[in-house]
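Report on the following structure.
2 protein chains.
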Amino acid sequence: MTIRDLIARKRDGDALSDDEWRFIAHGVAAGAFPDYQVAALLMACVLRGLTSAETLALTDAMLKSGSSLDLSHVAAPRVDKHSTGGVGDKVSIALAPLVAACGVAVPMISGRGLGHTGGTLDKLESIPGFLTQLSLAEAARQVERIGCVMIGQTAEIAPADRKLYAMRDATATVPAMPLIAASIMSKKLAESLTGLVLDVKTGIGAFLPRLEDEIALAREMVAIGAHYRCPVVVLLSNMDFPLGRECGNANEVAECVALLKGGGPPDLRELTLRLGAEMLVLGHAAPTLSAATERLEAALAGGAALEKFRQLVAAQGGDPAVCDDPARVLPKPALSEPWRAPRDGVVQQVNALGVGRGITALGGGRETMDGVIDHAAGFTLHAIPGDRVAKGQVLATIHAADAGRVQAGHAALDAAITIGDSPVTLPPLISHRITADGVERIG
Amino acid sequence: MTIRDLIARKRDGDALSDDEWRFIAHGVAAGAFPDYQVAALLMACVLRGLTSAETLALTDAMLKSGSSLDLSHVAAPRVDKHSTGGVGDKVSIALAPLVAACGVAVPMISGRGLGHTGGTLDKLESIPGFLTQLSLAEAARQVERIGCVMIGQTAEIAPADRKLYAMRDATATVPAMPLIAASIMSKKLAESLTGLVLDVKTGIGAFLPRLEDEIALAREMVAIGAHYRCPVVVLLSNMDFPLGRECGNANEVAECVALLKGGGPPDLRELTLRLGAEMLVLGHAAPTLSAATERLEAALAGGAALEKFRQLVAAQGGDPAVCDDPARVLPKPALSEPWRAPRDGVVQQVNALGVGRGITALGGGRETMDGVIDHAAGFTLHAIPGDRVAKGQVLATIHAADAGRVQAGHAALDAAITIGDSPVTLPPLISHRITADGVERIG
Chain B
374 MTIRDLIARK RDGDALSDDE WRFIAHGVAA GAFPDYQVAA LLMACVLRGL TSAETLALTD
434 AMLKSGSSLD LSHVAAPRVD KHSTGGVGDK VSIALAPLVA ACGVAVPMIS GRGLGHTGGT
494 LDKLESIPGF LTQLSLAEAA RQVERIGCVM IGQTAEIAPA DRKLYAMRDA TATVPAMPLI
554 AASIMSKKLA ESLTGLVLDV KTGIGAFLPR LEDEIALARE MVAIGAHYRC PVVVLLSNMD
614 FPLGRECGNA NEVAECVALL KGGGPPDLRE LTLRLGAEML VLGHAAPTLS AATERLEAAL
674 AGGAALEKFR QLVAAQGGDP AVCDDPARVL PKPALSEPWR APRDGVVQQV NALGVGRGIT
734 ALGGGRETMD GVIDHAAGFT LHAIPGDRVA KGQVLATIHA ADAGRVQAGH AALDAAITIG
794 DSPVTLPPLI SHRITADGVE RIG
Chain E
374 MTIRDLIARK RDGDALSDDE WRFIAHGVAA GAFPDYQVAA LLMACVLRGL TSAETLALTD
434 AMLKSGSSLD LSHVAAPRVD KHSTGGVGDK VSIALAPLVA ACGVAVPMIS GRGLGHTGGT
494 LDKLESIPGF LTQLSLAEAA RQVERIGCVM IGQTAEIAPA DRKLYAMRDA TATVPAMPLI
554 AASIMSKKLA ESLTGLVLDV KTGIGAFLPR LEDEIALARE MVAIGAHYRC PVVVLLSNMD
614 FPLGRECGNA NEVAECVALL KGGGPPDLRE LTLRLGAEML VLGHAAPTLS AATERLEAAL
674 AGGAALEKFR QLVAAQGGDP AVCDDPARVL PKPALSEPWR APRDGVVQQV NALGVGRGIT
734 ALGGGRETMD GVIDHAAGFT LHAIPGDRVA KGQVLATIHA ADAGRVQAGH AALDAAITIG
794 DSPVTLPPLI SHRITADGVE RIG
């Protein structure tokens with residue numbers, strides 16, 4: 374078996390065997406193949422596709438190319454949430470402690486921001502002292518002790534995926550349903566979960582452009598989970614415009630603290646509760662979604678969720694005072710400038726992709742994996758699509774380190790926010806729910 | 374314009390513009406893109422294809438990524454022959470001096486053997502002293518002086534093609550008609566030709582498995598040539614079994630000397646005359662193919678062709694005595710062992726691919742571009758498909774440096790030569806002729 378022969382067979386549309394995918398994953402993890410052979414294989418996979426059996430084989434091979442989080446000492450059910458990435462999507466930061474406060478362990482391994490999408494790790498690192506690079510053993514101990522952990526992917530987890538993932542952006546091989554499914558599931562299955570909730574973003578800025586492809590992705594991940602006896606629930610949620618009002622890093626953490634105190638913007642609160650309710654049901658902590666929602670609301674109102682976040686921050690070296698006074702603890706921008714409506718009218722669009730790229734222009738995101746982030750940079754949005762606004766009204770605040778960055782932020786919002794005269798009907802926040810039982814239309 | 378965007382567009386089936394192909398070729402030549410991006414682009418090209426306009430644009434961009442042979446001082450018409458590669462295909466070595474002896478200049482840039490196909494340069498280098506690495510200026514002066522030159526591709530010629538070509542084997546991106554057409558034509562057009570004859574091999578061991586793909590390749594190359602006012606004639610010739618009786622390096626040179634002396638095996642002589650006649654007509658040295666054939670036969674019979682070969686060998690530093698006594702001048706194998714028919718019957722197949730791989734096993738070919746060649750190793754075939762043979766009859770002689778190599782040669786022939794009972798009808802040596810006027814079936 375040679376990698377060249379396998380590239381040729383995938384090029385010709387053949388399905389590769391389990392053994393062959395194992396050969397590929399182990400070779401990739403070990404650095405046994407030159408990058409150009411791996412890139413050619415990836416492009417052949419994008420254009421020829423993988424069968425469901427191949428997607429499962431690739432997932433399994435990537436999972437077994439590395440180690441897993443050993444949670445055999447944790448008696449509680451273990452459920453995680455993963456999102457395909459969006460703008461202003463800070464759900465994980467409030468959700469992990471909220472669900473853990475309700476008795477379901479959350480061993481969460483997250484990513485960093487890249488391109489227009491933010492990353493949970495970058496947001497958490499705006500809390501002074503917060504460490505995201507724990508070893509798998511440390512992470513397991515923390516889950517056992519306080520019921521949740523939020524760390525980055527380590528070199529031990531699915532190294533084959535790590536190397537493929539690093540190459541996919543530059544080789545234009547990202548938008549391939551089987552590769553996305555295998556990448557997500559190989560990492561999540563390394564968390565030794567008893568259930569998984571996936572938030573697949575739809576609309577502007579989603580990875581896959583067509584709804585049917587996203588539903589196919591969801592079904593594929595549900596099928597993979599079933600193979601590992603890890604039930605998977607997928608919600609398709611809209612990402613035409615940013616989630617919540619804060620977009621950046623430190624300001625998103627502050628918005629999460631507001632949510633954990635029982636406040637926060639309605640869309641962020643709704644999505645967090647919907648995802649959390651699925652997690653509690655999967656974790657057998659509530660019999661129905663409505664009972665689960667009540668339990669989550671009680672944990673927010675009673676302070677248990679905020680208290681769990683305090684434990685989490687303290688356990689990972691961060692300043693727990695962020696729970697009391699985020700404005701004091703979190704880094705502050707040098708400049709905060711208003712962006713004003715250029716005319717009277719109705720906000721037609723606050724383009725998620727445009728806002729996401731604007732955050733990078735402000736210094737709050739990165740174009741390449743080794744970029745440095747200004748945690749204080751970002752936008753606060755004061756209007757959402759459908760709002761009637763007057764000329765000169767402040768629709769956003771731009772936070773940045775200097776006037777040049779502010780100007781870049783202005784230009785980004787000029788392009789991202791459009792004002793017109795038509796009334797706007799907002800798309801449903803959650804449109805579909807996909808489980809082993811099938812696809813349910815919600816919106 | 375970024376290479377990533379262009380990969381994504383080709384992935385999605387877009388046709389790229391002339392400017393975009395220029396950007397790609399110049400970036401590849403300059404080493405501006407990482408190999409993995411080039412590999413992903415190549416695979417997208419294989420699976421999405423290129424339009425004729427794109428194939429022409431890529432050819433032109435690769436041609437202009439480097440220098441051309443300056444033959445503006447050469448008054449004579451300049452015609453070359455290129456073959457897509459086969460086993461025992463030593464035609465070029467006799468053809469170049471033969472055509473030059475008839476007044477048409479032949480500025481021939483050839484390749485080395487790789488995998489199962491041999492290379493003209495390797496064969497020539499079995500002549501003691503023969504140099505194939507001349508500069509373009511030296512090559513031009515030699516064409517002016519004696520009417521022919523036989524050199525290797527220099528770093529100055531189509532460097533973009535050189536780099537793409539080097540990556541295509543390992544990435545399984547060889548069998549793509551537009552890439553093959555652009556690669557061949559970008560190099561041949563750098564020879565400042567007034568005409569070109571292409572020998573596209575069909576059958577076992579051909580690059581493209583289906584006849585319709587080979588005809589499409591031929592038409593594409595004819596169209597590219599027309600764009601540069603370089604008329605192209607393509608002959609499709611059979612490569613189910615080796616051409617001639619000698620397969621290797623030094624022994625193939627000896628067979629060419631026999632041909633230049635008016636002898637040689639009939640198939641080698643026929644193909645050489647057919648290709649040469651096309652060259653003379655393209656070079657206006659004969660009004661018709663039959664007149665051209667007569668002229669070539671006269672040059673063989675009268676010694677002019679052999680005399681031109683002597684001049685060529687001497688001009689490039691080789692020992693011209695190879696023309697008089699090849700057996701004395703060329704390297705000799707330590708061992709020459711017979712391979713005998715295992716049964717009575719009719720030779721069904723002498724598989725070109727199997728014989729080609731056998732040459733590599735003997736040490737006479739190379740698996741990687743930096744492999745070293747034993748010029749004395751090879752096979753002499755004493756039977757062709759259709760011959761009736763008796764058990765124990767010597768059907769081939771294996772030439773090699775040691776007993777281990779001989780044994781590998783035995784194993785290769787055991788697999789390559791099959792003997793049965795059915796009569797065998799040989800396929801026509803030349804099956805199609807493709808020119809700007811269309812496709813003509815010959816066989």
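First to last, the sequence lines map onto chains B and E. Positions 374 to 816 (the working numbering) are the ones given, in order, by the first sequence. Positions 374 to 816 (the working numbering) are the ones given, in order, by the second sequence. Just so you know, even glycine gets a beta-carbon here, dropped at the ideal spot from N, CA and C.
- Rounded to whole angstroms, the separation of the alpha carbons of E:ILE524 and E:ALA512 is 8 Å.
- Look at the region 528–562 of chain B: the residues with a C-beta under 8 Å from a C-beta of chain E are MET540, ASP542, ALA543, THR544, ALA545 and THR546.
- When C-alpha distances from E:ASP787 are compared across E:ILE771, E:ALA672, E:LEU569 and E:ALA700, the shortest belongs to E:ILE771.
- E:LEU429 is positioned such that its CB atom lies no closer than 8 Å to that of E:ILE380.
- When the alpha-carbon of E:VAL477 is set against those of E:GLN766, E:ASP495, E:ARG485 and E:LEU468, the nearest one is in E:LEU468.
- Setting aside the 5 residues that flank it on each side, E:ALA756 is surrounded in the same chain by VAL720, VAL762 and LEU768, each with a C-beta closer than 7 Å to its C-beta; the list follows chain order.
- In this structure, B:HIS489 is the residue among B:HIS748, B:THR575 and B:HIS489 with its C-alpha nearest to the C-alpha of B:THR741.
- When secondary structure is reduced to three states using DSSP, E:PHE503 falls in the coil class, being assigned neither helix nor strand.
- Per DSSP, the unbroken alpha helix (DSSP H) holding B:LYS681 starts and ends at 677–688.
- The bridge partners DSSP lists for E:MET481 are E:MET523.
- Assignment of B:SER804 by DSSP, reduced to helix, strand and coil, places it in the strand class.
- Around E:ILE380, the beta-carbon contacts reaching into chain B at under 9 Å are MET416, ALA543, THR544, ALA545 and THR546.
- Rounded to the nearest angstrom, the Cβ distance from B:VAL419 to E:ARG384 is 6 Å, consistent with a contact under 8 Å.
- A straight line joining the alpha-carbon of B:LEU494 with that of E:LYS561 spans about 55 Å.
- With respect to the C-alpha of B:LEU735, the residue from B:ASN724, B:HIS748, B:LEU726 and B:GLY691 having the closest C-alpha is B:HIS748.
- Between E:ALA430 and chain B, the shortest Cβ-Cβ separation is not below 8 Å.
- Residue nearest to E:ARG377 within the set B:ALA434, B:VAL547, B:GLU625 and B:LYS496 is B:VAL547 (criterion: CA-CA distance).
- Within chain B, ARG384 have C-beta atoms less than 7 Å from the C-beta of E:VAL419, given in sequence order.
- Counting other Cβ atoms within 10 Å of its Cβ, B:MET652 reaches 16 or more and is therefore classed as buried.
- Against chain B, a Cβ distance below 7 Å from E:ALA677 picks out nothing, because the smallest value is about 47 Å.
- The criterion of a C-beta distance shorter than 8 Å is not satisfied by B:LEU571 and B:ALA599.
- The beta-carbon distance between B:LEU708 and B:VAL779, rounded to whole angstroms, is 5 Å. This is short enough to meet the 8 Å contact definition.
- With 16 or more other Cβ atoms inside 10 Å of its own Cβ, E:GLN684 counts as buried.
- Contact check for B:PRO551 against B:LEU423 passes: the beta carbons are separated by less than 8 Å.
- Annotation for E:VAL723: the continuous beta strand (DSSP E) segment containing it runs 718–723.
- Against E:ARG583, chain B offers no close residue; the least beta-carbon distance is about 13 Å (beta-carbon pairs closer than 8 Å).
- Looking at E:ARG541, E:PHE503 and E:LEU644, the one whose alpha-carbon comes closest to that of E:LYS574 is E:LEU644.
- Contact with chain E is found for B:ASP408, since one of that chain's Cβ atoms lies less than 8 Å from the residue's Cβ.
- Under the three-pair Cβ rule at 8 Å, the region 426–441 of chain E does not count as touching the region 435–445 of chain B.
- Taking the Cα of E:LEU662 as reference, the smallest distance to any Cα among E:ALA671, E:ASN724, E:GLY649 and E:ASP743 is reached at E:GLY649.
- Residue environment: B:GLN515 is assigned as buried (16 or more neighbouring CB atoms within 10 Å of its CB, all protein chains considered).
- The secondary-structure analysis by DSSP pairs E:PRO711 across a beta bridge with E:THR770.
- Counting along the chain, the unbroken alpha helix (DSSP H) around B:VAL411 starts and ends at 408–421.
- Non-local C-beta neighbours of E:ASP453 in its own chain, meaning closer than 7 Å and more than five positions away in sequence, comprise VAL479, PRO480, MET481, LYS561, GLU564, LEU566 and LEU569, ordered along the chain.
- DSSP lists B:GLN722 as the bridge partner or partners of B:THR791.
- In the DSSP assignment, E:THR428 falls within the alpha helix (DSSP H) that extends over 425–436.
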